[in-house]
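Here the structure is laid out as structure tokens; the discussion comes afterwards.
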Amino acid sequence: MKIISAGLTDVGRKRNHNEDSFLIDDELQLYVVADGMGGHAGGGTASRIAVETIDKEMRRAREGKENPFLSVPNLQDSPIPEALRTAVERACLAIFTTAQEDARLSGMGTTVISLVVRDEHVFFAHVGDSRAYLIRGDLIQQISEDHSLVNEQIKAGMITPEEAKHSRYKNIITRSVGFEEEVQVDVMGLVSEPGDVFLLCSDGLANMMEDREIHEVVANTRTFDEVPQRLIDFANERGGDDNITVIVVRVEA
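Per the UniProt record's numbering, the sequence shown starts with residue 1, numbered consecutively.
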């Protein structure tokens, strides 16, 4: 499989600093979006530590005796999900330890949505409410599940998805990387098809656009490299309430 990727981050229209970080590592075919929290210093520090640690740990895994990137005949037996989980867990410990050593960073944390492409297999590791989408033909599907208070309320039947969009609690997440010493990481995998587009984003995009609108922008942008900027422009036109980060990855035969 051939991979084409593009990514961009933007401060948005309402914030004066950007707490998002992202990683595009085309050599490893590793892609990460992290949305930090904890104030001017803390949020940006947490997201930066997350992407740097995940990249470092996945590179270390590749160079070790049990290289998870070696070809595996089927999805279920791949060691990549466990390697990704470990990388995010170590990022969590690194952020937590840094916060313990500097009172100015106390309480910082970050979301993480990460993607690894290996042959026709695609793997995700996820904490928080940053999202992964699959765009396949005329369809768009959210792959990740938000670790957020409003999503818990939706699952419990307390509110509708429409009510969740306007809830004052929509920015409260129930799981983050680095706020505590350990974190539960969701991992998942799927088999990709030529033409699939995977989109990773912070909630600065997801909160401002409907899924179908995201699909329309991806489908109708002539040059793939322009997709992140087009999506960011759209979110900013809606108000740009938060930092906005987007990575798109297309799988080709």
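Virtual Cβ for every residue (Gly too), placed ideally from N, Cα, C.
Once you ignore the five residues that flank D10 on each side, which residues in its own chain have a CB closer than 6 Å to its CB? I232, I244
Determine the contact status of N236 and R13, defining contact as a CB-CB distance below 9 Å. yes
Which of the three DSSP states, helix, strand or coil, is assigned to D55? helix
For the alpha helix (DSSP H) containing V227, list its first residue and its last residue. 227-237
Using alpha carbons as the reference points, say which of D203, F234, V117, T110 lies closest to E252. V117
Among residues of its own chain, excluding the 5 on either side of V191, which ones have a beta-carbon nearer than 8 Å to its beta-carbon? L75, E120, H121, V122
Taking Cβ positions only, does T110 come closer than 9 Å to chain D? Chain labels in this structure do not include chain D; a single protein chain is all it has.
In this structure, how does DSSP classify G204 when only helix, strand and coil are distinguished? helix
Which term fits M108, buried or exposed, when burial requires 16 or more other beta carbons within 10 angstroms of its beta carbon? buried
Start and end of the alpha helix (DSSP H) containing T98? 80-101
Okay, do the segment 132-148 and the segment 50-70 touch, 3+ Cβ pairs below 8 Å being the bar? no
Starting from R212, trace the alpha helix (DSSP H) in both directions and tell me its first and last residue. 211-220
Can you give the beta carbon distance from G189 to M208, rounded, assuming they're within the 8 Å contact cut? No, G189 and M208 are not in contact; Cβ-Cβ is about 29 Å, not under 8 Å.
Return the first residue and the last residue of the alpha helix (DSSP H) that I154 is part of. 149-155
I want to check one thing, is the minimum distance from the CB of N171 to the heavy atoms of the ligand SAH below 8 Å? For the ligand SAH, the structure offers nothing, since it holds no ligand at all.
In terms of alpha-carbon separation, which member of D196, G204, E162, H147 lies closest to S176? H147
If we count the other Cβ atoms within 10 Å of its Cβ and call it buried at 16 or more, is Q29 buried or exposed? buried
For F22 versus L115, is the C-beta spacing smaller than 9 Å? no
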